[in-house]
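Colleague: Here's a structure for you.
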Amino acid sequence: MYYSYRLTGLDRRVWLLGITRFVRSFGRSSTFILLPLVFVIDYGVGFFETGLLIGSGTLIMAFVQYYAGIWTDRIGRRKILVFTQIPNIFFYFLMFLIIYYHDFLIILVAAWLLTIVVNAIQYPAVQATVADVTSVSDRLSGYTALRLMANLGFAFGPLIGAFLASYGLQYIFLLASLSNVIEVLILYKFMRETHIPTGKTVTRKSLNVSYKADRFFLSFMIVGILYAILSNQRSSALTIYTVVLQNMPIIYIGYIWAFNGILVVIMQVPFLKLMTSYLTPMAWRAIGVAFGGISFLVLLGPGSLGILLLFMFISTIGEDFMAPTTQSIITSIAPLEFRGSYIGVYSLYTSLGTFAGSVLGLSLLSYLAGIPQQFWIIVAFSTVAVAALYLIMDVPFKRRFRSQQTLE
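Here is the structure:
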């Protein structure tokens, strides 16, 4: 088969990263889930403007990840993993103070954008580290382990964040600052370098020549951009729809995202066994995206916690099939010296889709505020169409995977 089922024998550094992903998700997951409410409720920012703010963060993240991918291939992983996160301790604490005193919206936005920059610098190093310490056949298991730990934190973080938000939205940012301290200490104490750069210097020019000549990778990115536009509606649009348009309690957001985290923890390992026994990662990706499209149709039902939980149940099934395949596919087809760089390039272009999804999604939701069911119908059927595109890519993926496996 294309990937093997292997969790117990993975390199300890995979699990070390997994522990830091748990800490991060536990402390920060509420910040990006509930941030739209800070803008809309606390500061009176409109739907479109909120979408533009959220989208601008994604756009900045995209360009930073592009260069961060090159940097991690040039200088290694550890320095980036450890030291880039220290500023976030202060940025999140600053956001806590600003929201507490309910002032200085510009400074709040600036601090939030800086957290985006810092997180974006670290992301390619995390993903490339897993590829460094796993074989091609073990790679899906490695990324699944990382995702499993991150979602274990997600099982508790949003619920605690929603509880803290009932006393004040500012407290979720204080929790994020504290979690950052723990993450930095763990990485500094235990993380060892996984990538010693070769004599071949990674430059923008060499990277551009490599990926622009890679037709399969370009096709994978184009479809990824379309998927990013649509999957983004599960975050900002869903939050605004639930709390503002349906007048449901904020705690419901915490419930459904905690439910998401619990489901991932329960289902991801059995799904990994299934995914390593049948079909290809690209085929499972298509199936996962199709489940995501179907889940949006659930939101056509009457607004209630039960409907939201059913939506999240179906959506999480799709997420479990789809999410671990992203970095597995990229690092399995990328040249060895460009692993981090290819992740950065993919993140750059798909983040443009996420930016477009934030702006277009909230704009369309605002336009259809009186009939939001039409919004979810458009998103659902468009997502299923993207799933079909991934299925078409399955045949060329098989050829590319086998040739790359021979090289490694």
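Just so it is clear: in the sequence shown, position 401 is 670 by this note's numbering, and no numbers are missing. For each residue, glycine too, the CB sits at the ideal point set by N, CA and C. Since the structure is predicted, the reported quantities are computational estimates derived from the model, not experimental observations.
Output yes or no for whether 8 Å exceeds the beta carbon distance between leucine 433 and glycine 296.
Modeller: no
Colleague: For methionine 662, does the count of other Cβ atoms within 10 angstroms reach 16, so buried, or fall short, so exposed?
Modeller: buried
Colleague: Buried or exposed for leucine 487, please, with buried defined as at least 16 other CB atoms from any protein chain shown within 10 angstroms of its CB.
Modeller: exposed
Colleague: Under three-state DSSP, which class holds serine 601?
Modeller: helix
Colleague: For tyrosine 219, tell me which candidate among Ile520, Tyr369, Ser620 has the shortest Cα-Cα distance.
Modeller: The requested residue 219 is not part of the displayed model; the chain covers only 270 to 677.
Colleague: Between the stretch 323–337 and the stretch 613–631, do at least 3 Cβ pairs fall closer than 8 Å?
Modeller: yes
Colleague: Let's test the definition: count the other Cβ atoms within 10 Å of the Cβ of isoleucine 375 and tell me whether it reaches 16, buried, or not, exposed.
Modeller: exposed
Colleague: Valine 402: which of Leu383, Gly345, Ile329, Arg282 sits nearest, CA to CA?
Modeller: Arg282
Colleague: Between the stretch 570–588 and the stretch 599–614, are three or more C-beta pairs nearer than 8 Å?
Modeller: Fewer than three Cβ pairs drawn from the stretch 570–588 and the stretch 599–614 lie within less than 8 Å of each other, which leaves the two stretches out of contact.
Colleague: Looking at C-alpha atoms only, which residue of Leu377, Ile525, Asp372, Ile355 is the closest neighbour of serine 504?
Modeller: Ile525
Colleague: Over the uninterrupted alpha helix (DSSP H) stretch that includes serine 620, give me the two end residues.
Modeller: 608–636
Colleague: If I measure Cβ to Cβ from alanine 400 and keep anything under 6 Å in the same chain, skipping five residues before and after, which residues do I get?
Modeller: Sequence-distant Cβ neighbours of alanine 400 in its own chain, meaning closer than 6 Å and more than five residues away, are Thr600, Arg608.
Colleague: If we count Cβ pairs, one from each stretch, closer than 8 Å, do we get three or more for the stretch 413–422 versus the stretch 291–307?
Modeller: yes
Colleague: Is the beta carbon of asparagine 449 sitting closer than 8 Å to the one on tyrosine 361?
Modeller: yes
Colleague: Does DSSP put aspartate 280 in a helix, a strand or coil?
Modeller: Here DSSP, grouped into helix, strand and coil, assigns aspartate 280 to coil.
Colleague: Could you give the distance in angstroms between the alpha-carbon of glycine 572 and the alpha-carbon of lysine 667?
Modeller: 43 Å
Colleague: For tyrosine 547, which three-state DSSP category applies?
Modeller: coil
Colleague: Would you call the stretch 296–313 and the stretch 515–531 in contact, with 3 or more CB pairs under 8 Å?
Modeller: yes
Colleague: Run the CB neighbour count on leucine 454, radius 10 Å, all protein chains shown included, and call it buried at 16 or more, exposed below.
Modeller: exposed
Colleague: How close, in whole Å, do the beta carbons of leucine 631 and phenylalanine 316 come, if the pair is a contact with beta carbons under 8 Å?
Modeller: Right, the Cβ-Cβ distance comes to about 5 Å (below 8 Å), so this counts as a contact.
Colleague: Between the C-alpha atoms of isoleucine 646 and valine 351, what's the straight-line distance to the nearest angstrom?
Modeller: 43 Å
Colleague: Please report the straight-line C-alpha distance between valine 664 and isoleucine 429, rounded to a whole angstrom.
Modeller: 44 Å
Colleague: Considering just the uninterrupted stretch of the alpha helix (DSSP H) at glycine 426, what are its terminal residues?
Modeller: 426–434
Colleague: Quick one: measure Cβ to Cβ for threonine 289 and leucine 456, integer angstroms, because I've assumed they're closer than 8 Å.
Modeller: 6 Å
Colleague: Going by CA-CA distance only, name the one from Ile640, Asp372, Ala394 that's closest to arginine 461.
Modeller: Ala394
Colleague: Would you mind giving the Cβ-Cβ distance between isoleucine 302 and proline 466, rounded to the nearest angstrom? I have them listed as a contact below 8 Å.
Modeller: Not quite, the Cβ-Cβ distance comes to about 37 Å (not below 8 Å), so this is no contact.
Colleague: Closer than 8 Å by C-beta to leucine 415: which residues in its own chain qualify, once you throw out the five before and the five after it? Chain order, please.
Modeller: Val283, Leu286, Gly287, Arg290, Val395, Val399
Colleague: Please say whether methionine 490 and threonine 619 have beta carbons closer to each other than 8 Å?
Modeller: yes
Colleague: Using the three-state DSSP reduction, which class does glutamine 537 fall into: helix, strand or coil?
Modeller: Three-state DSSP puts glutamine 537 in a helix.
Colleague: What runs of the alpha helix (DSSP H), each 4 residues or longer, lie entirely inside the stretch 350–377?
Modeller: 355–370
Colleague: Counting only runs of 4+ residues fully inside the stretch 480–532, write out the alpha helix (DSSP H) ranges in chain order.
Modeller: Counting only runs of 4 or more, we get 484–500, 505–509.
Colleague: Using a threshold of 8 Å, state whether the C-beta atoms of proline 550 and isoleucine 494 are closer than that.
Modeller: no
Colleague: What whole-angstrom Cβ distance do alanine 331 and leucine 617 have, given they're in contact under 8 Å?
Modeller: The beta carbons of alanine 331 and leucine 617 sit about 4 Å from each other, so the pair counts as a contact at 8 Å.
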